[in-house]
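Residue 122 in our numbering sits at position 115 of the sequence shown, and the numbers go up by one each step.
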Amino acid sequence: MIVKRLRQKNNWSQEQLATMSGLSIRTIQRVESGQSASLETLKSLASVFETDISKFTEEITVIDKQSEKWQSQPTWLKFLFFGVQSRKVALAIELSFLVVAVALWIFVEPSYPTILALIAAYLNCLLVRHADNKSLWDI
């Protein structure tokens with residue numbers, strides 16, 4: 008997946024990438040589809056893209072807010088993700104709401120703030136799930 012994004016970012020075809028890396032087109036297709044790659048394949052691709060091998064194995068968790076996919080999203084979604092660049096941050100926000108809700112439930116009489124914190128955690132969960140389903144997390 009990340010190989011495809013890097014290739015598209017450089018405006019290269021699969022054939023061009025295969026030639027530059029010394030790999031077959033089929034190997035490039037397999038790696039782009041998410042299948043496992045050998046260490047030698049990763050080394051070849053890393054040298055072509057001038058990056059570290061670990062970049063190919065890390066989880067994609069960042070939103071590229073300049074991409075066409077992001078730009079085509081509704082305004083309400085862009086507003087709700089304002090200031091949120093990565094999936095980790097979105098999950099931390101969700102966990103924070105849950106901690107606040109539990110703390111309010113335990114230490115203070117359950118009231119509207121407790122319910123609001125739970126609702127906020129749930130809505131944030133739905134927001135992250137929506138971004139997952141739309142494949143908005145990018146390199």
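Each residue gets a CB set at the ideal place from its N, CA and C atoms; glycine is no exception.
**Report entry** Coarse secondary structure for Ser93, derived from DSSP in three states
**Finding:** Secondary structure of Ser93 (DSSP, three-state): strand.
Requested in this report: For the region 72-89 and the region 128-143, state whether three or more C-beta atom pairs, one from each stretch, are separated by less than 8 Å.
Outcome: Under the 8 Å Cβ criterion, the region 72-89 counts as touching the region 128-143, having at least three qualifying pairs.
Query - Continuous alpha helix (DSSP H) assignments of at least 4 residues falling wholly in the region 21-80 - result: Whole alpha helix (DSSP H) segments, 4+ residues: 21-28, 32-39, 46-56, 61-64, 75-78.
Query - Pro117, DSSP secondary structure in three states - result: Look at Pro117 here: in three-state DSSP terms it is coil, with no helix or strand label.
Query raised in the report: Going along the chain, which residues of its own chain have a beta-carbon closer than 6 Å to the beta-carbon of Ile100, five neighbours each way excluded?
Result: The residues are Asn131.
Query - Residue from Leu111, Glu75, Arg37, Thr58 whose Cα sits closest to the Cα of Leu143 - result: Out of Leu111, Glu75, Arg37, Thr58, Glu75 has the C-alpha closest to the C-alpha of Leu143.
**Report entry** Own chain, CB closer than 7 Å to Leu125, minus 5 neighbours either side, in chain order
**Finding:** Take Leu125, set aside five residues on each side of it, and the residues of its chain with a beta-carbon closer than 7 Å to its own are Ala108, in chain order.
**Report entry** Local conformation of Asn131 per DSSP, three classes
**Finding:** It is helical.
Query raised in the report: Per DSSP, what kind of secondary structure is Phe88 in: helix, strand or coil?
Result: In the displayed model, Phe88 falls within coil according to three-state DSSP, outside both helix and strand.
**Report entry** Expected contact under 8 Å - CB spacing of Thr48 and Val55 to nearest Å
**Finding:** With a Cβ gap of about 11 Å, Thr48 and Val55 do not count as contacting.
Report task. Give every residue of the same chain whose Cβ lies closer than 7 Å to the Cβ of Lys11, excluding the five residues on either side of it in the sequence, and list them in chain order. Result -> In chain order, Glu39 place their CB closer than 7 Å to the CB of Lys11, counting only its own chain and leaving out the 5 sequence neighbours on each side.
Query raised in the report: For Trp112, which three-state DSSP category applies?
Result: Under the three-state reduction of DSSP output, Trp112 falls in the helix class.
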